[in-house]
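Letter by letter, the sequence shown follows residues 4 to 1030 in our numbering.
Where a beta carbon is used, it is the ideal one built from N, C-alpha and C, also for glycine.
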Amino acid sequence: MKKYFTFLLLLGLTLPAVFNPGFCQPNLQHLEYFDRHQGLSGAKVTDIFQDDKGFLWLTTTHGLNRYDGSEFLSFSPYRGEESQRPILMYRLIPHGPNRLLIGTNDGLFLFNTQDYTFRKIDFSDIGKSLSEPGLRKYLSIIARLEKDSSGNIWAGTPVSLYRLDSALRLRKVFWSDYKQKDLYSKRLNYVFKVLPVNKKLLLAWLDNKAHVWNNSKDNTKETFIPVEHWGDGRLGFLKDIHYPDCYGFKNRYLIYFRRNVDSLFIFDVPTGRKASCYFQYMNDRDFDWQHVISVLSDEWLALSLENNALTLIHVSDKNNLLSVKHFPERIFPEYNLGKIITDSEGNLWATGKKGGLFKVAFQRQKFNITDLPEPKIPDHAFRISSFLRKGDKIFVGMYGEGLFEWDPEIGSINHHLNRYRSGIAKINTIWNLRNGKGDTIWVGTQSGMFWYHTKKKTFGLTPGNHPEELDVLPIPVQFTDSHGDVWMGLGMGSGVVRYKTSTRTYTHFRNSAGEYPYRYPVAVAEDRRSDIWFLSDNSTNLVKWDRKAKRFTIVPLNIPHFGDKISWTVLLIDNEDNAWFCTQSLGLICYNLTNHTYKLMKKEYGINIDFLSGLYLDREKRIWAVSNSELYYFDRDINRFVNYSFEPDARIMEKSGPFYYDSVSKKLYTSLFRKIISFNPKSLMRVRPPMDVVLTGLMVMDKEVSIPSDRKLHLRWDQNDITLSFSGINLSDGKQNQYSYKFKGGNWINIGLQRQVRFASLSPGTYDIMIRAARSNEDWSTHTESLRIVIAPPFTSTVWFILICLLLSGVLIYVWYRYRLNQILKVQKIRANISQDLHDELGSKLTSIGYLSLIAQDKSEADPKLAEVLRKINESSVEASSSMREIIWDINPDLDNLNLLIPRLIQNAASILELRGIILHSQADTIPASVKLSLYKRRDFKMIFMESVNNIIKHSGATRAWISVKYAKKMIHLTIEDDGKGFDTGKCGVGNGLKNISARAAAHRWKLNYTSAEGKGTVLSLTLKIT
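Next up, the structure:
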């Protein structure tokens, strides 16, 4: 049964209570109200629907709204300047995933709930065939909208009815008989109601008359048949049923009323079975044509009456026994409600017939609240201090106002003041209540201990032999331990009294050494070893009564920042030897009595208070705490407190009362000022389904974009400013949701109540973002929302750009290489041409000069002077010819190969040295053919080589010389050495020869080094790096 028990709890009902005439209606403060001040776009809500994600969608008189538990968002089909144009929306129905079909006064719209776009269904061509032009303006007013079981869409206007298929293609138009003259003589309303019954049948009240549509192949003419003429006549009774008096239920039943008949009927369409029940409101002024029946569950319906309030209808069809029952108790009698739905969290939502939206929160219906009567003693501060069940009554002790006797079944409350003696204020200031024998209650007051007889309604002092202090001093605490002993604190610093019920004897432990160590106890508890623990007035320690040793001992707490004086409130010892108590300076403290460790219960544990009026340990070992208008329980699974509020919308700062567990009703009782609060702990522990988180908005560079359906967002490198909006759908208390997000592989970042996060200046890359939510004081939901953001790098950072750059670089290098190669080849060609021209032209002429000078010399023997001149001419031509050959060698590109140059240089050096009687020893490595020197390097290398040889001939006086040429690792090493007389490099100046050698080496950054000493010869070394 869908939401059966949820609904009962929502309305504060149980099945026994429904039949109980004394049943108390839920407090009206639990009915929340929303209007335009809370964000609704229109004053009146016309329809309401919850989608599969949990969002609440509402049509209003001014557009479409969506509610997620935190805020209302508005949507309009108009854009730009027309966005503020009003549009009246009548009805919305789901139409496939993420789609809503909406009937408005401006046509039929299909709304996409993901990208928030409207698409208008065009009926413009229909009006062209209408013979009455004045009626055309009504064709776009879609005031009725339904979907049948076959997927047909039925859209009704004041003058026509459209049938569309599931693809929203128009299949049939049913026209009214209205004429042009009817515009001025009647209110046009052709389609009053469309009611899908089952897969085959659909009812429509056309022109206020009931008709049947047969959705089968037999209906070839596609016509509506009056109910009295359809089939076997079983629907003929609908002829006399007004359209607002008939409703469909579960695609099978019809629930209807007959005017002037005080009955409610149900009709099973497939079988023809009927059932009825008494309905007392038929002739009531509240039952008029605007009543509404809403389906709440598989068996329950709500009937909203015309003039305020709603009642319940229960339907049952078991064992072929069909029944219907109406419960006449008016719920929310001061409110005029329309359509009602229950959401997936058990909350009840109702449209207001006069405007606005109403909500009955599931959580808040779990608290029963009863107000006590106004005080009889004026000008006094009153609050509830204690509870006690006696028989079928709950007795309530008031601080300053005596005793109240409350019957929770019928709601009656009787007030009893203690008038036993004078000083009525003090003796009616009740601290606590304790059960006595028979009809007796023991009442601890500000002026002694009294008994109260519940039948005779009389008070009296403690009888028998007892300490006289019990008759006059305040009794701030009474506690009955597991042995039946009663421990009573005595105010005014008078210690504690123990009453042994087994022997009916009293023992007074005074505030003195060897007895009770402090003024008096204010809270008492018992541990699992039956030892008694006390919190005392004006102390900072615990006091323990050791049952075996039969003595009191002080247990120091040793808690920093405790202060000198502590205002204790309550004490509880759980099954793990933890003492729970509260102080005004540090709040709630959990102190372990075994290992003497403690925990301060602060915000990280879901609670942050400085006052507690009650602590209670239930049978499931849960710890309940109450403070002001807040209720907490400690959930050991998540190691934190979960919070509930009695008065979430009130600003009540009065302190609440203590806890009392009633084993009869299985309820916990507490109070808030003069209000009695009761609830069933088990009902409060309802586990809510995991909360879904949904992306609701996406902005890129401050511009709204659609949320991709696959949750993958691809952006350019310059679209790196992204804002995400999201919502945890929580229709109960969504404003208290907590949110966090993280990047994949990172840690969760808590952003509190914030429902939006912005990522600015994101670098190119892939980002997987996850978002989660948690309800107030609950653990994080396992349902998360995710979005993958892929930001493409700029083209200059892509592999393609790098490849293109490499390709272009390769092309440029190749072009440069080809250009350089061509230039070298051109230079080499020029060098070859010059060398050839010098050899052919100038060489031949110098040779001719030489030969001619020799001939002339032979013929001039008679003239010695002329012969000498001719001899010099001959020598000069020989030298010029030799120099020219050297130049030709230098510039000839074919001779750039060092394997040709070096042997020639060594050969020339050997020839010259031998003429001077110097023996040459030479060694040269073979140099790869690819190793070449440029023209200028080759020239300078040769000049350094020849200058060094000339220095040996001119200055060394050597008899031997050594020349070595080595090649390794692209390095050429030249060494020229002699065994001559040498010189002191420190004393002798550097001649022009050595200067020239050094200058030529430095010009090419060659490494040059020479060493010499007197009588030890000279060594010159030259190192060339081949590049």
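Rounded to whole angstroms, Pro524 and Pro479 show a C-alpha spacing of 8 Å. Closest by C-alpha distance to Leu375, out of Phe335, Leu391 and Leu406, is Leu406. Proximity to Gly234 across Lys203, Asn263 and Asp248 peaks at Lys203, based on C-alpha coordinates. For Gly960, same chain residues with a beta-carbon under 8 Å away, outside a window of 5 residues either side, are Gly983 and Lys984 in chain order. As the crow flies, the alpha-carbon of Pro247 is around 55 Å from that of Leu718.
For the 9 Å CB-CB criterion, Phe78 and Phe37 do not form a contact.
If you ignore the 5 residues before and after Lys503, its C-beta comes within less than 7 Å of the C-beta of Asp488, all in its own chain and listed in chain order.
Of Phe268, Tyr259, Gln283 and Arg255, the smallest CA-CA separation from Thr274 is found for Arg255. The three-state reading of DSSP puts Leu574 in strand, counting E and B together. Between the segment 763-770 and the segment 672-686, the count of C-beta pairs closer than 8 Å stays below three; the two stretches do not touch.
Proximity to Ser485 across Gly590, Arg550 and Lys972 peaks at Arg550, based on C-alpha coordinates.
Spatial neighbours of His418 in its own chain (CB-CB distance under 6 Å, excluding positions within 5 residues in sequence) are listed in chain order as Phe407. When Ile774, Arg513, Ile427 and Ile915 are compared, the shortest CA-CA separation from Gly403 is found for Ile427. Selection Asp210, Leu603, Ile397 and Ala528 evaluated against Gln587 yields Leu603 as nearest (Cα-Cα).
Rounded to the nearest angstrom, the gap between the Cα atoms of Ser179 and Tyr193 is 6 Å. With contacts defined by Cβ atoms closer than 9 Å, Pro477 and Gly494 form a contacting pair. Between the segment 442-451 and the segment 463-478, the count of Cβ pairs shorter than 8 Å is three or higher; the stretches touch. Along the segment 75-132, the beta strand (DSSP E) occurs as fully enclosed runs of 3 or more residues at 75-78, 92-97, 102-107, 110-115 and 120-124, listed in sequence order.
For Val934, the CB contacts under 7 Å within the same chain, skipping 5 residues up- and downstream, are Leu901 and Ile1029 in chain order. The DSSP-derived three-state label of Ile679 is strand. At a Cβ-Cβ threshold of 9 Å, Trp571 and Asp540 count as neighbours. In this structure Val230 does not touch His245 by the C-beta definition: roughly 13 Å separates them, more than the 8 Å allowed. Distances from the alpha-carbon of Gly400 to those of Ile51, Thr432 and Lys678 put Thr432 closest. Taking all protein chains in view, the Cβ of Trp434 is crowded by 16 or more other Cβ atoms within 10 Å, so the residue is classified as buried. By the Cβ test, the segment 723-732 is not in contact with the segment 39-48, since fewer than three Cβ pairs between them sit closer than 8 Å. Asp151 sits buried, since 16 or more C-beta atoms from the chains shown fall within 10 Å of its C-beta.
Distance from the CA atom of Tyr455 to the CA atom of Arg639, rounded to whole angstroms, is 41 Å. Distance between Lys738 and Met694, taken at the CA atoms: about 13 Å. Given a length threshold of 3 residues, each whole run of the beta strand (DSSP E) inside the segment 949-993 is given here in chain order: 963-971 and 974-981. Residue nearest to Ser951 within the set Arg941, Tyr939, Lys940 and Ala964 is Ala964 (criterion: CA-CA distance). By the Cβ neighbour-count rule, Gln481 is buried, with 16 or more other Cβ atoms within 10 Å of its own.
Non-local C-beta neighbours of Leu164 in its own chain, meaning closer than 6 Å and more than five positions away in sequence, comprise Phe177 and Val194, ordered along the chain. In this structure the segment 1020-1029 touches the segment 968-979; the number of beta carbon pairs closer than 8 Å is three or more. Here Ile258 is not near Val197, since their CB atoms are 9 Å or more apart. Between Pro199 and Glu149, the gap from beta carbon to beta carbon is short of 9 Å. Across the structure, Thr1014 and Val830 are spaced so that their CA atoms are roughly 39 Å apart.
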